[in-house]
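Presented below is the structure to which this report refers.
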Amino acid sequence: MPELDELRATAHPVRLRLLSLLTGAALSAAEAGRELGLSQAAASYHLRVLERAGLVVVVEVVRIRGGDAKRYRHLSSAQPFPLVVPPDSPTGPDAADERAQYVEALVDELRRRSPRRASGPQVSTDAELWVDPETWRRVVHHVGQASALLHAAAQPPRTPGTAPVSMTAALFPMRRP
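Quick note on the numbering used here: the sequence shown kicks off at 864 and runs consecutively.
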């Protein structure tokens, strides 16, 4: 899937929350809506956007009160982390606008989650540094592995013995000034 399509699909806080939710459990639009405080129609709309972008898949169809309900799952993040270097990132005003919207969605999510911060192991890093290509490759690989580990261990909300956690990472090379 083109990077621009993925950016467009994820450039909304609700869709970021759905991806997180659907990493730990397969849910229908109604179930996801209840969990996130959305109407079934709103959840269904956002799920269709994510499905068209290939970010969620229908893993089962269940019969509920005479109708069929699709259960969606976000599977890609739980796979072993591949180090993929795209040949070129999309350019132009559309790409810049989509990246800006994605960053705003990430910021919105951090603002929503931060008041719920609890005590326990945590780390926060903000850095704009100059490093050699091998160090950068290793850092991206390790953060990708940590993300894959976290996604693979995700459980449905409120599973006994689990606690909610937050991880936001945005690693990217920069053009020289």
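C-beta atoms are modelled at their ideal positions from N, C-alpha and C, and glycine is treated no differently.
- It is roughly 20 Å from the alpha-carbon of Glu869 to the alpha-carbon of Ala892.
- With 16 or more other Cβ atoms from the protein chains shown falling within 10 Å of its own Cβ, Arg878 counts as buried.
- DSSP, read as helix, strand or coil, puts Gly887 in helix.
- In the DSSP assignment, Asp960 falls within the alpha helix (DSSP H) that extends over Pro956 to Arg976.
- Note on Ser883: 16 or more other CB atoms within 10 angstroms of its CB, so buried under the neighbour-count rule.
- Within a 10 Å sphere around the beta-carbon of Val994 sit fewer than 16 other beta-carbons, which makes this residue exposed.
- Contact check for Ala895 and Ala906: beta-carbon distance about 5 Å, within the 8 Å limit, so the pair qualifies.
- DSSP places Ala1032 outside both helix and strand once states are collapsed to three, so it counts as coil.
- Contact annotation, Ser1010 with Ala1032: C-beta distance approximately 7 Å; criterion of less than 8 Å satisfied.
- Rounded to the nearest angstrom, the gap between the Cα atoms of Gln985 and Leu938 is 25 Å.
- When the alpha-carbon of Pro978 is set against those of Val1028, Trp999 and Tyr935, the nearest one is in Val1028.
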